[in-house]
């Protein structure tokens, strides 16, 4: 059952110098003084080599300066810092500011897209945007209305603009984009609107559409090779994205691609996960629903899938597979291997060989997870790689119009998009988690383009028999598959973590605290209450020889919807007084960047 | 005030036409909560506005129970659980009490935009969405039950059975 990693040495390659990579961008990514890409680096490790701020002095950190975005909705993602310039983005209307750090943050240019406000109500879970990307002297933004723009980084003028989707069909965007070589890779949102998910590559120079790979449909749409594309080592066969669906259901199949993407320049593969199949009522879509809930490895130049792994076949709980794919290099059984670690919504932490797609580890990273007992690891079993579903928590087996109770995790998962960090120094993953369970009742719904296509009633509440709070910030040892330490939090931890060579790990809380903890022990070293709940990602950079830590505040996202009013446990019966803490008792809307540094 | 009636069940359409008069204003100030009549499992106030009914032993009418499910399928995603509101969308348990029934129906059917320098609030129009319009009265009575304090948070328990008249109206509306 348990497969332990026996490691002799740990190497991480945050972004290797390979001939095919975009060398200018790679150089900036490798410079710890800058923060050139939302994920910190192509490996999505969110680790900084900066150590001017360290565990000895972080307790003296202070606010250095602040900046208001002028927008009040959920602020996800983070700024980028390239040289003297900081690029800050906002939720809808997706304003982009270019601030000159050598002139005290003066706004050099501002890009204010004009978007039809009718896109707002087709964004299921707040109007967030996970930030801009930089490459080749251009800033790239994927707007809520699916317009992808390339802006001149010096002037903010639009160099090119293309439309990736159609909000009238429920297609929107909340994600950042991945700049790879001479291409921009973008995803799409709308799994709750029956959107068929896809990943598209546009030419960085002029926005020409180069390739698009859908999450389901015929092989020509999914860019899958029946003989060469493998799933757990075996070729997937013809039209796998069709024959695991009934009738035409695949056309509104979901599997959207709104999470974080990573890239291995040596293999030339981009890695990402697909979201839930559409609808939330599993009886309306019999079959494994490939390739929803899947980890994809696609060739960056052609889009063809090299391998896939579906984590939750025939989903019954909305456990989107879109969380980040963290790339590390570690020794296993004396051999150096290139790994991919993924903390899925479904509560399992997966480690795979990212070259071949071999499944190495699948362990629960929250003991409360109960919808499945295990993932079968025996390659000879016909259940190889499949989670073993517990009938009591199967919303399909219990049936439509039946309330399945006590399922852990809730649909928002043991971890949602909020990205974890990895420290090569401690060899630990730092994971912001949710500790919430649910009742889930599916029922029949009909599809109309541009309208929600959900089909389930959910009640969510903190994991019973636990510390009573709704979140934990954990240090996860990937070698042993164990939690090293766990910091309980009143609310789910919804920010992206940052690990540094200064032996400090940073994260933000939904009440608005920026916290710094010791990377080995988890001991809290610093906290500061920013103006609003934090759902952004902590980042760090230097300017004028001084290190800064920055994070966006602005409560929202799914946390602002599901947790604002507090949760009650329906199984405690009607009239349970008080329930659990309401986020609205701790914070209100905001939109501020807070930047910290050590005192002079 | 023009209303888009194409997707509304016929009984609701009749009530909407009836309300376009001065007496509708007075009716809104009258008791909008107490059930005065019962028609095949659906309860109405003295002015014919849909409302909830919870018996002393806690048994609630079918529509209020149905509204719990339908609210969470269609409205929860912006308005939070149980009509309690989210960081950006109002608590509808209060809207159902504070607003006139016909205004409530109008906003759901036609949508409402509040876009300015300080906010981007857009309520979409659900007039063409059968999953909402066929259950709008259910959602409304559920929210009124919540807002009036008669129904606490949590999953509703005892309920009246679904009457044949309600079943038929649902089938007619969904076109199944």
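Protein chains in written order, with the numbering used here: chain A, 51 to 650; chain B, -16 to 159. Don't be surprised by glycine CBs; every beta carbon is placed ideally from N, CA and C. Owing to the predicted nature of the structure, the values given are computational and were not obtained by experimental measurement.
Between which two residues does the beta strand (DSSP E) holding residue i run?
{"i": "residue 339 of chain A", "result": "Neither: residue 339 of chain A is in no beta strand (DSSP E) and is coded neither H nor E."}
{"i": "residue 538 of chain A", "result": "532 to 539"}
{"i": "residue 295 of chain A", "result": "No beta strand (DSSP E) contains residue 295 of chain A, which DSSP labels as neither H nor E."}
{"i": "residue 160 of chain A", "result": "156 to 161"}
{"i": "residue 387 of chain A", "result": "385 to 393"}
{"i": "residue 590 of chain A", "result": "589 to 593"}
{"i": "residue 457 of chain A", "result": "454 to 457"}
{"i": "residue 488 of chain A", "result": "486 to 492"}
Who are the neighbours of residue i on chain A, taking C-beta pairs under 7 Å?
{"i": "residue 106 of chain B", "result": "171"}
{"i": "residue 110 of chain B", "result": "Neighbours of residue 110 of chain B on chain A: none; closest Cβ ~10 Å, over 7 Å."}
Anything in chain A within Cβ reach of residue i, meaning under 9 Å, just list it in chain order.
{"i": "residue 78 of chain B", "result": "Neighbours of residue 78 of chain B on chain A: none; closest Cβ ~14 Å, over 9 Å."}
{"i": "residue 68 of chain B", "result": "614, 615, 634"}
What is the rounded straight-line gap between the Cα of residue i and the Cα of residue j?
{"i": "residue 182 of chain A", "j": "residue 234 of chain A", "result": "11 Å"}
{"i": "residue 28 of chain B", "j": "residue 78 of chain B", "result": "18 Å"}
{"i": "residue 178 of chain A", "j": "residue 252 of chain A", "result": "23 Å"}
{"i": "residue 6 of chain B", "j": "residue 543 of chain A", "result": "Summary for residue 6 of chain B: the model assigns pLDDT 49, below 50, so the residue's position carries little reliability, and this model does not support an answer."}
{"i": "residue 157 of chain A", "j": "residue 172 of chain A", "result": "31 Å"}
{"i": "residue 41 of chain B", "j": "residue 87 of chain B", "result": "27 Å"}
{"i": "residue 9 of chain B", "j": "residue 108 of chain B", "result": "With a pLDDT of only 48 at residue 9 of chain B, under 50, the local geometry of the prediction cannot be trusted, and the value read off the model is given with reservation. Answer to the nearest angstrom: the Cα atoms are 27 Å apart."}
{"i": "residue 194 of chain A", "j": "residue 255 of chain A", "result": "22 Å"}
{"i": "residue 37 of chain B", "j": "residue 298 of chain A", "result": "43 Å"}
{"i": "residue 93 of chain B", "j": "residue 39 of chain B", "result": "37 Å"}
{"i": "residue 30 of chain B", "j": "residue 445 of chain A", "result": "41 Å"}
{"i": "residue 14 of chain B", "j": "residue 511 of chain A", "result": "35 Å"}
{"i": "residue 548 of chain A", "j": "residue 34 of chain B", "result": "52 Å"}
{"i": "residue 148 of chain A", "j": "residue 161 of chain A", "result": "9 Å"}
{"i": "residue 359 of chain A", "j": "residue 227 of chain A", "result": "23 Å"}
{"i": "residue 598 of chain A", "j": "residue 502 of chain A", "result": "42 Å"}
{"i": "residue 363 of chain A", "j": "residue 224 of chain A", "result": "25 Å"}
{"i": "residue 25 of chain B", "j": "residue 16 of chain B", "result": "14 Å"}
{"i": "residue 156 of chain B", "j": "residue 500 of chain A", "result": "20 Å"}
{"i": "residue 488 of chain A", "j": "residue 59 of chain B", "result": "14 Å"}
By the criterion of Cβ-Cβ separation under 8 Å, what are the contact partners of residue i in chain B?
{"i": "residue 496 of chain A", "result": "113, 114, 157"}
{"i": "residue 302 of chain A", "result": "None at all; the shortest Cβ gap to chain B is about 14 Å."}
{"i": "residue 504 of chain A", "result": "56, 57, 60"}
{"i": "residue 177 of chain A", "result": "103"}
According to DSSP, residue i sits in a beta bridge with which residue or residues?
{"i": "residue 474 of chain A", "result": "None, per the DSSP bridge assignment."}
{"i": "residue 314 of chain A", "result": "A/319"}
{"i": "residue 289 of chain A", "result": "The partner list for residue 289 of chain A (beta bridge, DSSP) is empty, contrary to what the question assumes."}
{"i": "residue 565 of chain A", "result": "A/557, A/577"}
{"i": "residue 22 of chain B", "result": "B/25"}
Can you tell me where the alpha helix (DSSP H) with residue i in it begins and where it stops?
{"i": "residue 116 of chain B", "result": "113 to 116"}
{"i": "residue 378 of chain A", "result": "Taken as a continuous stretch (DSSP letters only), residue 378 of chain A belongs to no alpha helix (DSSP H), being part of the beta strand (DSSP E) at 376 to 382."}
{"i": "residue 642 of chain A", "result": "Per DSSP, residue 642 of chain A belongs to no alpha helix (DSSP H); it is in the beta strand (DSSP E), 642 to 647."}
{"i": "residue 186 of chain A", "result": "From DSSP, residue 186 of chain A is part of no alpha helix (DSSP H); its letter is neither H nor E."}
{"i": "residue 524 of chain A", "result": "Per DSSP, residue 524 of chain A belongs to no alpha helix (DSSP H); it is in the beta strand (DSSP E), 521 to 527."}
{"i": "residue 87 of chain B", "result": "84 to 93"}
Using a C-beta cutoff of 8 Å, does residue i count as contacting chain B?
{"i": "residue 232 of chain A", "result": "no"}
{"i": "residue 180 of chain A", "result": "no"}
{"i": "residue 436 of chain A", "result": "no"}
{"i": "residue 96 of chain A", "result": "no"}
{"i": "residue 491 of chain A", "result": "yes"}
{"i": "residue 445 of chain A", "result": "no"}
{"i": "residue 580 of chain A", "result": "no"}
{"i": "residue 624 of chain A", "result": "Unreliable placement is indicated for residue 624 of chain A, whose pLDDT of 40 sits below 50; the coordinate value is still reported in the next sentence. So, interface residue."}
{"i": "residue 467 of chain A", "result": "no"}
{"i": "residue 618 of chain A", "result": "yes"}
{"i": "residue 545 of chain A", "result": "no"}
{"i": "residue 354 of chain A", "result": "no"}
{"i": "residue 530 of chain A", "result": "no"}
Does the beta carbon of residue i come closer than 8 Å to any beta carbon on chain A?
{"i": "residue 81 of chain B", "result": "no"}
{"i": "residue 52 of chain B", "result": "yes"}
{"i": "residue 129 of chain B", "result": "no"}
{"i": "residue 85 of chain B", "result": "no"}
{"i": "residue 152 of chain B", "result": "no"}
{"i": "residue 6 of chain B", "result": "Note on residue 6 of chain B: pLDDT 49, under 50, position unreliable in the model; no value is reported."}
{"i": "residue 73 of chain B", "result": "no"}
{"i": "residue 136 of chain B", "result": "yes"}
{"i": "residue 63 of chain B", "result": "yes"}
Since residue i meets chain B, which of its residues come closer than 7 Å, beta carbon to beta carbon?
{"i": "residue 167 of chain A", "result": "96, 98, 103, 105"}
Can you name the residues of chain B whose CB is closer than 9 Å to the CB of residue i?
{"i": "residue 256 of chain A", "result": "Under the 9 Å cutoff, chain B gives no residues; its nearest Cβ is about 31 Å from residue 256 of chain A."}
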